[in-house]
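Novice:
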Amino acid sequence: MENHKINSVQEIVPGLSIIHSNHLEDLRKVAAGWIKAHPLKVLETEQFIVQSNGMAQWLKLALADDDGCGISAGLEVHLPGRYVWTAYRSVLGNDSIPVDSPYDRDRLVWRFFRLLPLLSEEEAFLPLNRFLEHDEDQRKQYQLACHLADLYDQYQVYRADWLEDWSKGKDRLKTGRGEPVELPLEHKWQAQLWRRLKNDIPTQFQEIGRADLHQRFLRQIAQMDHRPDTLPPRVMVFGISSLPQQVLETLHAVSRLCQVLLFVHNPCRHFWADIIEDRDLLRIEHARHRSKDSMPDPLDPELLHQHANPLLAAWGKQGRDYIGLLYGYDEPDTYQQQFAQIDLFDDFIAQGTNGSLLQQVQQAILDLVPLPGEKEDKQQVTEDDLSISFQLAHSRQREVEILQDQLLHCFETIECLNPRDVIVMTPDIEAYAPHIEAVFGNLAFHDSRFIPFTIADKPGRESVPLLKALEKLLHLPDSRMAVSDIMDLLEVPAFRNRFGVKEADLPKLHQWIKGAGISWGLNPDQRTGFGLPPGLEQNTWEFGLKRMLLGYAVGKAQEWNGIEPYDEVGGLEAALIGPLAAVIEQMESLWKILSRPGSPEQWCLRIRSLAKNCFLPEESRDRLILNRLDEVLDNWLDACTQAELDRELTLAVVRDFFLGMIIQSSISQRFLAGMVNFGTLMPMRAIPFLNML
1 MENHKINSVQ
11 EIVPGLSIIH
21 SNHLEDLRKV
31 AAGWIKAHPL
41 KVLETEQFIV
51 QSNGMAQWLK
61 LALADDDGCG
71 ISAGLEVHLP
81 GRYVWTAYRS
91 VLGNDSIPVD
101 SPYDRDRLVW
111 RFFRLLPLLS
121 EEEAFLPLNR
131 FLEHDEDQRK
141 QYQLACHLAD
151 LYDQYQVYRA
161 DWLEDWSKGK
171 DRLKTGRGEP
181 VELPLEHKWQ
191 AQLWRRLKND
201 IPTQFQEIGR
211 ADLHQRFLRQ
221 IAQMDHRPDT
231 LPPRVMVFGI
241 SSLPQQVLET
251 LHAVSRLCQV
261 LLFVHNPCRH
271 FWADIIEDRD
281 LLRIEHARHR
291 SKDSMPDPLD
301 PELLHQHANP
311 LLAAWGKQGR
321 DYIGLLYGYD
331 EPDTYQQQFA
341 QIDLFDDFIA
351 QGTNGSLLQQ
361 VQQAILDLVP
371 LPGEKEDKQQ
381 VTEDDLSISF
391 QLAHSRQREV
401 EILQDQLLHC
411 FETIECLNPR
421 DVIVMTPDIE
431 AYAPHIEAVF
441 GNLAFHDSRF
451 IPFTIADKPG
461 RESVPLLKAL
471 EKLLHLPDSR
481 MAVSDIMDLL
491 EVPAFRNRFG
501 VKEADLPKLH
511 QWIKGAGISW
521 GLNPDQRTGF
531 GLPPGLEQNT
541 WEFGLKRMLL
551 GYAVGKAQEW
561 NGIEPYDEVG
571 GLEAALIGPL
581 AAVIEQMESL
591 WKILSRPGSP
601 EQWCLRIRSL
611 AKNCFLPEES
621 RDRLILNRLD
631 EVLDNWLDAC
641 TQAELDRELT
651 LAVVRDFFLG
661 MIIQSSISQR
671 FLAGMVNFGT
681 LMPMRAIPFL
691 NML
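The numbering of the sequence shown is our numbering, which starts it at 1 and goes up by one.
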């Protein structure tokens with residue numbers, strides 16, 4: 001777009017620039033153009049702050065395109081919290097600020113886990129102690145520790161002023177206007193727990209939480225005249241729907257020494273912060289987006305619906321807050337001359353045309369147009385307009401079948417529409433994933449109905465066989481160890497390779513297992529855990545293996561010591577008994593080891609031993625997964641050591657944590673992979689697609 005060209009400025013000028021647009025693609029073009037027109041020095045890296053790995057991938061692909069920079073290299077992508085912590089360390093000194101804060105969410109979990117039992121006798125923490133009643137396997141304790149870590153992590157970002165007061169012994173809150181309010185009695189424990197937490201942390205680290213460091217950082221950077229070498233010369237904030245004030249204050253402070261560009265996806269060209277509470281605080285005299293002429297001033301909240309677009313008012317609260325905060329830092333006069341245009345708002349409907357229903361809705365939001373009154377003329381919608389449509393179905397399966405028909409129709413009728421241009425969003429991807437696989441995954445490549453697809457937000461352990469096998473092994477002490485459990489493990493290539501079993505051997509093994517009468521249970525001892533009396537060996541894996549080995553040794557013969565030989569095992573195929581026996585022996589060993597509580601160090605050794613003894617990966621993806629699991633264990637042990645956690649943990653706690661980390665790491669799985677993308681319906685998913693279902 002010609003009107004989006006950038007005036008050429010060679011040097012990297014410090015300052016804060018904010019570019020608004022209702023099209024994320026236009027913001028991307030400006031970012032790519034700015035990088036090309038103002039290249040950094042050799043070996044300096046471009047820094048981007050994004051809200052998700054999906055947005056990072058979309059941005060990298062665009063920069064690598066011929067229309068972008070032609071290559072995506074020398075680029076680092078951060079989430080907001082990590083960038084802020086890096087800036088703190090750069091300004092306040094890397095030597096005095098550790099790489100990982102003891103107040104980080106992952107570190108707080110295990111410190112709270114250790115502290116909670118110590119609070120059981122204190123009256124002030126009665127609400128917490130009630131929750132922990134009848135906690136037999138520590139799962140309640142772990143869940144509560146996670147919730148508390150999340151809570152205080154959010155407080156550090158959004159309510160640092162509360163924590164500052166609580167640290168000083170002032171049990172109070174502050175309103176948005178800074179007015180102190182007494183902390184309600186039922187929440188007094190939060191202030192006391194924060195003080196207990198700080199006192200538990202070693203003295204040299206007590207004042208390095210984000211709430212403590214932020215003000216020190218602002219004071220220090222205000223006195224600096226030169227950019228520290230560890231602070232990047234430029235940072236671009238892209239595709240973020242909302243940022244807390246603490247992050248905006250950091251970016252504004254950094255802009256004294258560095259070049260900071262905020263690319264804001266703004267659905268409305270007018271000033272629309274008026275339609276939230278405390279609107280007078282958000283109105284700034286020099287705000288560059290003026291109120292619409294038809295808006296009354298002052299605006300009566302009771303008449304708001306008559307002047308504001310209802311969709312923008314109902315669904316845009318977080319965006320309104322964010323854009324309202326931006327006006328407090330925006331000084332367009334200081335950077336406007338560097339750009340040909342800083343407000344890149346394009347109409348959805350060409351002048352003199354009606355446009356589709358979707359375009360009418362988008363244009364109404366862009367122009368802040370309220371719903372028409374009963375006597376006003378309403379724009380007409382043609383019968384064949386399917387830009388917005390609703391489909392009713394009696395089941396999830398039928399929903400997905402209708403979706404498939406709709407997609408086939410779209411690909412047939414819409415020119416140049418590719419699978420990568422389509423996203424399908426659902427509130428619960430786990431519930432819909434089996435139906436998606438059943439409808440879309442059972443078609444051959446040469447079938448005319450075949451549509452390539454990927455399920456982007458499906459938990460990693462559900463879509464990766466090795467992770468699914470790992471989950472099954474970590475549930476071994478609770479498993480009946482039925483035939484299906486062992487056969488499912490043998491379906492995983494990395495597991496089969498470890499025991500020397502080939503895929504072609506599985507039918508024969510299944511035949512022998514069925515013939516030997518194996519049903520469930522490793523041995524009589526394991527069966528007692530499910531309420532059976534001791535000594536019931538029949539139909540266990542141990543009993544079935546004895547039958548196979550006896551049948552191989554004596555063939556058809558009378559029973560021996562109460563064991564009936566299974567004589568189908570023989571010839572060269574008899575060698576398969578060895579790997580099967582090794583599998584069952586390994587399962588018995590794991591069952592004993594995993595059933596016992598252990599310290600974090602012991603659990604790291606056990607899980608590493610499990611991975612080594614059960615998996616022999618051949619595919620690069622499986623090797624990367626095992627390397628990633630090893631990193632998770634190292635980080636976890638470091639967090640437990642820092643939290644001084646020396647008590648034994650149950651398998652339930654370790655398993656919940658470990659599998660939770662696997663789900664969290666799956667966020668970085670492939671997205672925009674050249675296929676139809678199925679994903680979770682999330683308010684922060686801002687990546688643009690041509691077709692959305």
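Cβ atoms here follow ideal geometry from the backbone N, Cα and C, with glycine treated the same way.
What residue range is occupied by the uninterrupted beta strand (DSSP E) comprising Pro233?
Specialist: Where Pro233 is concerned, there is no enclosing beta strand (DSSP E), given that its DSSP letter is neither H nor E.
Novice: Any idea what DSSP makes of Asn3, helix, strand or coil?
Specialist: Below a pLDDT of 50, predicted positions are generally treated as unreliable, and Asn3, at 46, falls in that range; no measurement from the model is reported.
Novice: Quick check on DSSP: helix, strand or coil for Arg320?
Specialist: helix
Novice: Taking the alpha-carbon positions, what's the Glu644 to Pro600 distance?
Specialist: Roughly 11 Å between the two C-alpha positions.
Novice: Spatial neighbours of Gln380 within its chain, please: C-beta separation below 7 Å, excluding the five flanking residues on both sides.
Specialist: Asn354
Novice: For Pro180, does the three-state DSSP call read helix, strand or coil?
Specialist: Here Pro180 sits in strand by DSSP.
Novice: Hey, how far is the Cα of Pro301 from the Cα of Ser479?
Specialist: Any answer about Pro301 is weak, because its pLDDT of 48 lies below 50 and its placement is not dependable; what the coordinates show is given next. Distance between the alpha carbons of Pro301 and Ser479 is about 59 Å.
Novice: Gly551 lies in the alpha helix (DSSP H); which residues open and close that run?
Specialist: Trp541 to Val554
Novice: Can you tell me the Cα-Cα spacing of Arg172 and Phe125, whole angstroms?
Specialist: Each residue's CA atom was taken as its position, placing Arg172 and Phe125 some 17 Å apart.
Novice: Quick one: residues in its chain with C-beta nearer than 7 Å to the C-beta of Ser255, no 5 flanking neighbours on either side, listed in chain order?
Specialist: Pro14, Gly15 and Leu16
Novice: Are three or more beta carbon pairs between the region 208 to 223 and the region 100 to 109 nearer than 8 Å?
Specialist: yes
Novice: Tell me whether the beta-carbon of Asn539 lies closer than 8 Å to the beta-carbon of Gly571.
Specialist: no
Novice: Determine which residues share a DSSP beta bridge with Phe657 and list them.
Specialist: Answer is none; Phe657 lacks a bridge partner.
Novice: Distance check for Pro370 and Pro310, CA to CA, integer angstroms please.
Specialist: 7 Å
Novice: Could you tell me which whole alpha helix (DSSP H) segments of length 4 or greater appear in the region 513 to 541?
Specialist: 524 to 528
Novice: So, for Gln259: in the same chain, excluding its five sequence neighbours on each side, which residues have a beta-carbon less than 7 Å away from its beta-carbon?
Specialist: Ile12, Val13, Pro14, Gly15, Pro233 and Arg234
Novice: Could you give the DSSP three-state label for Arg596: helix, strand or coil?
Specialist: Reduced to three states, the DSSP call for Arg596 is coil.
Novice: In chain order, what residues of the same chain have a beta carbon less than 7 Å from the beta carbon of Met548, not counting five sequence neighbours either side?
Specialist: Trp512, Ala516, Tyr566, Val569 and Ile577
Novice: Where does Lys724 fall in DSSP's three states?
Specialist: With the chain covering 1 to 693 only, the question about residue 724 has no answer from this structure.
Novice: Going by DSSP, what residue range makes up the beta strand (DSSP E) through Thr426?
Specialist: Val422 to Thr426
Novice: Assuming Val247 and Pro507 are in contact, meaning their beta carbons sit under 8 Å apart, how far apart are those beta carbons, in whole angstroms?
Specialist: Contact flag wrong, Cβ pair sits at about 58 Å.
Novice: Rounded C-beta distance between Trp189 and Pro127? I'm assuming under 8 Å.
Specialist: 6 Å
Novice: Report the three-state DSSP secondary structure of Lys140 (helix, strand or coil).
Specialist: helix
Novice: Checking 8 Å against the spacing of the C-beta atoms, do Phe579 and Leu649 come in under that value?
Specialist: Looking at the sequence shown, residue 579 is not Phe but Pro. No, they are not a contact pair.
Novice: In chain order, which continuous runs of the alpha helix (DSSP H) of length 4 or greater are located wholly inside the region 459 to 512?
Specialist: 460 to 463, 465 to 474, 483 to 490 and 493 to 499
Novice: Could you spell out where the alpha helix (DSSP H) holding Pro627 opens and where it closes?
Specialist: At residue 627 the sequence reads Asn, which differs from the Pro that was named. First-last of the alpha helix (DSSP H) with Asn627: Ser620 to Gln642.
Novice: Taking all protein chains shown into account, decide if Asn561 is buried (16 or more other Cβ within 10 angstroms of its Cβ) or exposed.
Specialist: Flag for Asn561 reads exposed.
Novice: Note down the Cα distance separating Ala574 from Pro524, rounded to an integer number of angstroms.
Specialist: 26 Å
Novice: In this structure, does DSSP put Gln404 in helix, strand or coil?
Specialist: helix
Novice: Would the region 417 to 432 and the region 392 to 405 be scored as touching if the rule is three or more Cβ pairs under 8 Å?
Specialist: yes
Novice: Once DSSP output is grouped into helix, strand and coil, what is the label at Gln259?
Specialist: strand
Novice: By alpha-carbon positions, which one of Cys268, Phe499, Phe390 and Trp315 ends up nearest to Gln363?
Specialist: Cys268
Novice: Near Gln336, what residues of its chain come up, given a Cβ to Cβ distance below 8 Å and the 5 sequence neighbours on each side ignored?
Specialist: Ile342
Novice: Tell me, to the nearest whole angstrom, how far the beta carbon of Leu407 is from that of Ile451; I am working on the premise that it is less than 8 Å.
Specialist: 6 Å
Novice: Quick one: residues in its chain with C-beta nearer than 6 Å to the C-beta of Leu357, no 5 flanking neighbours on either side, listed in chain order?
Specialist: Excluding residues within five positions, the ones whose Cβ falls inside 6 Å are Val381, Asp385, Ser387 and Ile388.
Novice: Which residue marks the beginning of the beta strand (DSSP E) containing Arg172, and which one marks its end?
Specialist: For Arg172, the uninterrupted beta strand (DSSP E) run begins and ends at Arg172 to Lys174, by DSSP.
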